[in-house]
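These notes concern the structure reproduced below.
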Amino acid sequence: MKNLDLYDVVIIGGGPAGLSAGIYAMRSRLKTVLLEKYLPGGQMVLIDHIENYPGFPGGTSGLEITSRMEEQARLLGLEIISSEVQLLDLSRRDKVVHSSTGDYHTKTIIIASGATPRRLGIPNEDRLTGKGVSYCATCDGIFFKGKEIAVVGGGDSAVQDAVFLSRFASKIAIIHRRDTLRACKILQERVLKNPKITVKWNTIAVEILGKEKVEGLVIENVATGKRETLPVEGVFVLVGTDPNTEFVHGTVVTDEQGYILTNEEMQTNVPGVFAAGDCRRKSLRQLITAAADGAIAAVSAEKYIESLKQ
696 MKNLDLYDVV IIGGGPAGLS AGIYAMRSRL KTVLLEKYLP GGQMVLIDHI ENYPGFPGGT
756 SGLEITSRME EQARLLGLEI ISSEVQLLDL SRRDKVVHSS TGDYHTKTII IASGATPRRL
816 GIPNEDRLTG KGVSYCATCD GIFFKGKEIA VVGGGDSAVQ DAVFLSRFAS KIAIIHRRDT
876 LRACKILQER VLKNPKITVK WNTIAVEILG KEKVEGLVIE NVATGKRETL PVEGVFVLVG
936 TDPNTEFVHG TVVTDEQGYI LTNEEMQTNV PGVFAAGDCR RKSLRQLITA AADGAIAAVS
996 AEKYIESLKQ
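In C-alpha cells:
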C-alpha cells in the first residue's frame, strides 16, 4: 500500500514525546501524521498514579494524562494511525517511512518510539506492575514511605536509585546476582554506608508474592540454591531499559545501547530527522522531559522545513 501524500512531519510513537510533538506540529499548521504501534500513551498508561507532572495537584493516572494529551492533539487535527514502523529510507531529501499500513513520504521525521524497561520475567511481575512493582524510582519512590522494599539490580542506576529510595523506605534490600556491585566506586560507598540498605549477594529474584498488591519477594542464592522470602511491599526492577529503535538500525547514529544521539535541538546526524523522549540518549527519562523533547523536536522540524524554501 502506498500513501501518495507528502507529509511535513511523520511522528513515530504516541507516548508523551510523540503526542507533544503532534500538538506543536499541528499548531504550526504542518501536515502531520502520528504512527503508533499500539495505543497512544506508551509506558505512561501503565503508571497508576503520577504526582510529579505539573498541573495535577494531588496526582493523577497516566491514563488520564494520556487521554487529555490525545484529545488535545486530535482537536487540533492530528491524524493518529495504528501502525508498526518497519524501516526508514533517508537516502533522499523527501524521506520514506515504511510501515505495516504502507509507505509515508515526508519532509521530516520525529522518532519518539520510547524505551522499554527490562523485565525479570518472573511469576506475578506483570500482574503486579503498578501495584508495588515499579521500574522508576523517581516516579514511585514517594509511595513507599516507611515501607520495606527490594531493589533488583547492581549497576549505577540501581544503586543510585536505592540511595534515593532510602529517603522514603524504612528498609531496602538490593538483590544482586554477583558478589560485587557493578556500580562506580563512589556509589558503592554510599550504598554500603547507608544504614537502611543491605545487599543480598549472589541472589536472584524468582517470584513476586501478592494477590492485589506486592506482599513479598522470593529470592534464591545462585551458589547454594537456598531460597528465602523477603516481606517487602515494593519491588523496584532496575536492570536497565532498551530503546525501541530497531527500525532505525543503520540510518541514524546511536550509542552502543541503541539510544539515538541528538543535539539540544533534538536533531540527529541526518538533516530533517529528529528524536525525542526516552529513545534518545539523555540523563533524565521522565514524562515531563519527554513532553519537552517533543515540543523542541516539532519546532526544530518546522525550522528545517522553512529552510527548504530558501
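Taking our numbering as reference, the numbering of the sequence shown is continuous, increasing by one, and the terminal residue is 1005. The beta carbon of each residue, even a glycine, is placed where N, CA and C say it ideally should be. Predicted model only: the values in this text are computed from it and were never measured.
Could you check whether Gly848 and Ile881 sit closer than 9 Å to each other, using their CB atoms as the reference points?
no
Would you kindly report the start and end of the unbroken beta strand (DSSP E) that includes Ile775?
774–777
Pair every Cβ in the region 848–861 with every Cβ in the region 827–840, then say whether three or more of these pairs are closer than 8 Å.
yes
Nearest to Tyr719 by CA position, among Ile955, Glu997, Glu1001, is which residue?
Glu997
Rounded Cβ spacing between Val927 and Tyr799 (contact assumed at less than 8 Å)
Their Cβ separation, rounded to whole angstroms, is 47 Å, which puts Val927 and Tyr799 out of contact at 8 Å.
Around the Cβ of Ser794, are there at least 16 other Cβ atoms within 10 angstroms (buried) or fewer (exposed)?
buried
Can you tell me whether Phe839 is helix, strand or coil according to DSSP?
The answer is helix: DSSP assigns Phe839 an H, G or I state.
In the structure shown, what three-state DSSP assignment does Ser1002 receive?
helix
Please work out which residues of its chain come closer than 7 Å, Cβ to Cβ, to Glu923, disregarding the five sequence neighbours upstream and downstream, and give them in chain order.
Sequence-distant partners of Glu923 (beyond 5 residues in either direction) whose C-beta falls short of 7 Å from its own C-beta, in its chain, are Ile914.
Please classify Pro711: does DSSP put it in a helix, a strand, or coil?
helix
Inter-residue spacing [alpha-carbon to alpha-carbon] between Arg905 and Lys977
Reading off the sequence, residue 905 comes out as Gly, not Arg. Cα to Cα, Gly905 sits roughly 35 Å from Lys977.
Select from Ile903, Ile844, Gly911, Gly935 the residue whose C-alpha is nearest the C-alpha of Val894.
Ile844
According to the neighbour-count rule (16 or more other Cβ atoms, all chains shown, within 10 Å of its Cβ), is Asp937 buried or exposed?
exposed
Nonlocal neighbours in the same chain, by C-beta distance under 6 Å from Ser715, ignoring five residues either side
Ala986, Gly989, Ala990
Same chain, Cβ closer than 6 Å to Thr1007, five either side skipped, listed in chain order:
Lying before the first or after the last residue shown, residue 1007 is absent from the chain, which here runs from 696 to 1005.
Relative to the C-alpha of Val968, which candidate in Glu910, Ile707, Asp700 has its C-alpha closest?
Ile707
Cross-strand partners of Thr803 (DSSP beta bridge)
Val704
Under 9 Å, do Leu773 and Leu729 count as touching if we go by C-beta distance?
With contacts defined as CB atoms closer than 9 Å, Leu773 and Leu729 qualify as a contacting pair.
Only counting the same chain, and skipping five residues up and downstream in sequence, which positions put a Cβ closer than 7 Å to that of Glu907?
These residues qualify, in order along the chain: Lys826.
Note down, in chain order, each residue of its chain lying with its Cβ closer than 6 Å to the Cβ of Ala768, except the 5 sequence neighbours on either side.
Setting aside the 5 residues that flank it on each side, Ala768 is surrounded in the same chain by Leu714, Gly717, Ile718, each with a C-beta closer than 6 Å to its C-beta; the list follows chain order.
Would you kindly work out how many angstroms separate the C-alpha atoms of Asp851 and His744, rounded to a whole number?
26 Å
Unbroken beta strand (DSSP E) run spanning Asp784, endpoints
780–784
Neighbour-count burial assignment, Met696, 16 or more Cβ in a 10 Å radius
For Met696, the predicted model reports a pLDDT of 49, less than 50, meaning its position is unreliable; a value from the coordinates is still stated below. Counting Cβ neighbours within 10 Å, Met696 comes out exposed, since fewer than 16 surround it.
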